[in-house]
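To keep things clear, I will list the structure first and then write my remarks on it.
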Amino acid sequence: MSDALTLPAEARERAGKGASRQLRREGRVPAVIYGGKEEPTLIHVEAKELVRQLGTGHFMNSIVEIELDGKKVRTIPKDVALHPVNDRPEHADFFRLAKGGKIEVNVPVVFLNEEASPGLKKGGVLNIVRHELELVCDNDKIPGEIEIDVTGKEVGDSIHISEVQLPEGSESAITDRDFTIATLVAPSALKKSEGAEGEDQTGEGIEPGETAATEQGPDDDAADEQEAKSE
Numbered sequence: 379m380s381d382a383l384t385l386p387a388e389a390r391e392r393a394g395k396g397a398s399r400q401l402r403r404e405g406r407v408p409a410v411i412y413g414g415k416e417e418p419t420l421i422h423v424e425a426k427e428l429v430r431q432l433g434t435g436h437f438m439n440s441i442v443e444i445e446l447d448g449k450k451v452r453t454i455p456k457d458v459a460l461h462p463v464n465d466r467p468e469h470a471d472f473f474r475l476a477k478g479g480k481i482e483v484n485v486p487v488v489f490l491n492e493e494a495s496p497g498l499k500k501g502g503v504l505n506i507v508r509h510e511l512e513l514v515c516d517n518d519k520i521p522g523e524i525e526i527d528v529t530g531k532e533v534g535d536s537i538h539i540s541e542v543q544l545p546e547g548s549e550s551a552i553t554d555r556d557f558t559i560a561t562l563v564a565p566s567a568l569k570k571s572e573g574a575e576g577e578d579q580t581g582e583g584i585e586p587g588e589t590a591a592t593e594q595g596p597d598d599d600a601a602d603e604q605e606a607k608s609e
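Residue 379 is where the sequence shown starts when you use my numbering, and the numbers rise one by one after that.
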């Protein structure tokens, strides 16, 4: 898990659109802390500081300690609503982390040892189906990322959740299927090249009256350009 962030806040007494608009005019962002079997706490935070922390790239997967009335409330961001035009934060929701509890989070995946994958070394492409995994984690053991080793993977291989060693205290939130995280595929150019070679050598796949596809040369390009100009 990324290091905990600290976000100063102040309590707000009033809710509603009018009060929220006034806070935004003053450079503040209305927010709420909920969860943990406690009543929601209405707060507001400095807009510039919230934007700065959002810019770190890992804000939504970080524990955020909100400083409120001399105390720190341990939370994780659940949602930040942005203005549709200028992308400025308009509201933020924080989930209170109760001691000993669990939380569902999206954790990014990273792939290791790509140079040790025969499929990738041959020109294959790692097609990432899921850039994040939905996990249920202990509050105090939220991983910052999930590492997946592609050593030995060949073109055509797939990586499923059942192959991934999740950190202690974490489990997949999706339990009804062994879903795919990534596959190793051949690039389209490689597929076409292999297909053309196979047809040239065996004659299979060519219908009567058809010829095998060939690469277009410089003279053909010039002829195409001339034809396009004349149309």
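Here a beta-carbon is modelled for each residue, glycine too, at the ideal position from N, C-alpha and C.
All values reported here derive from a predicted model rather than from experimental measurement.
Backbone secondary structure at residue i - three-state DSSP
i, result
"residue 439", "helix"
"residue 391", "coil"
"residue 539", "helix"
"residue 512", "strand"
"residue 417", "strand"
"residue 492", "helix"
"residue 606", "Note that residue 606 has pLDDT 42, beneath the 50 cutoff, so the model's placement of it is unreliable and no number is given."
C-alpha distance - residue i paired with residue j, whole-angstrom precision
i, j, result
"residue 437", "residue 482", "16 Å"
"residue 504", "residue 527", "12 Å"
"residue 460", "residue 530", "43 Å"
"residue 382", "residue 566", "43 Å"
"residue 517", "residue 500", "42 Å"
"residue 513", "residue 450", "26 Å"
"residue 535", "residue 386", "48 Å"
"residue 465", "residue 532", "42 Å"
Proximity below 8 Å, CB of residue i to CB of residue j
i, j, result
"residue 442", "residue 422", "no"
"residue 453", "residue 475", "yes"
"residue 405", "residue 424", "yes"
"residue 550", "residue 539", "yes"
"residue 411", "residue 472", "yes"
"residue 343", "residue 447", "The requested residue 343 is not part of the displayed model; the chain covers only 379 to 609."
"residue 506", "residue 560", "yes"
"residue 428", "residue 467", "yes"
Cutoff 8 Å: residue i Cβ touching any chain D Cβ
i, result
"residue 504", "As a matter of chain content, chain D is missing from the structure shown, which is built from one protein chain."
First through last residue of the alpha helix (DSSP H) which encompasses residue i
i, result
"residue 398", "395-403"
"residue 428", "425-432"
Limits of the unbroken beta strand (DSSP E) element including residue i
i, result
"residue 496", "From DSSP, residue 496 is part of no beta strand (DSSP E) but of the alpha helix (DSSP H) over 496-499."
"residue 469", "467-474"
"residue 560", "558-563"
"residue 549", "548-550"
"residue 525", "524-527"
"residue 464", "Neither: residue 464 is in no beta strand (DSSP E) and is coded neither H nor E."
"residue 503", "503-506"
Beta-bridge pairing of residue i - partner residues as DSSP gives them
i, result
"residue 386", "445"
"residue 482", "514"
"residue 450", "445"
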